[in-house]
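Structure first, commentary second.
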Amino acid sequence: LSTEMNQNNNNTDDNNNNNNPPPFAPLLSNEPPNDLLCPITHELMIDPVVAADGYTYERTAIERWIQLKGYSPMDRTLSLLQTSLNPNQRTRREISEYRDRMVC
């Protein structure tokens, strides 16, 4: 029983040390939060838009993706049209706030 408990404790320690950042890590890091990064380019967005699949992308990246592939990069079974891109004002504001914090 003692050996089993030690193995369970070791497993717990392994799970805690799996390099996952704590939930407050973005507050301690200069890295932008993932929701401000384009899922195609993995870079901070400049002109975020929402596509018909409900995801937010950098406008130029999703326009190019749609032109070349015609489907959602997040759900390859969903066809996308460039005319269905709408500005994401909330994300644009969050990006602006993030940039302002990085300047200070």
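Quick note on our numbering: the sequence shown kicks off at 804 and runs consecutively.
Virtual Cβ for every residue (Gly too), placed ideally from N, Cα, C.
If you're wondering where the values come from, they're calculated on a predicted model, not measured in any experiment.
According to DSSP, is residue i part of a helix, a strand, or is it coil?
i, result
"asparagine 889", "strand"
"leucine 840", "strand"
"asparagine 819", "Because asparagine 819 carries a pLDDT of 49, less than 50, the predicted location of this residue cannot be relied on, and the following value inherits that uncertainty. Of the three classes helix, strand and coil, the one that applies to asparagine 819 here is helix, per DSSP."
"serine 875", "coil"
Assuming residue i contacts residue j (C-beta within less than 8 angstroms), just tell me the rounded distance between them.
i, j, result
"leucine 851", "arginine 895", "According to the sequence provided, residue 851 is proline. The question's leucine does not apply to it. 6 angstroms between Cβ atoms; contact."
"leucine 888", "aspartate 856", "Contact flag wrong, Cβ pair sits at about 11 angstroms."
"isoleucine 843", "proline 876", "6 angstroms"
Going by DSSP, name the residue or residues bridged to residue i.
i, result
"proline 851", "Glu861"
Let me know if residue i comes out buried or exposed under the rule of 16 or more other beta-carbons within 10 Å of its beta-carbon.
i, result
"threonine 880", "exposed"
"glutamate 861", "buried"
"isoleucine 849", "exposed"
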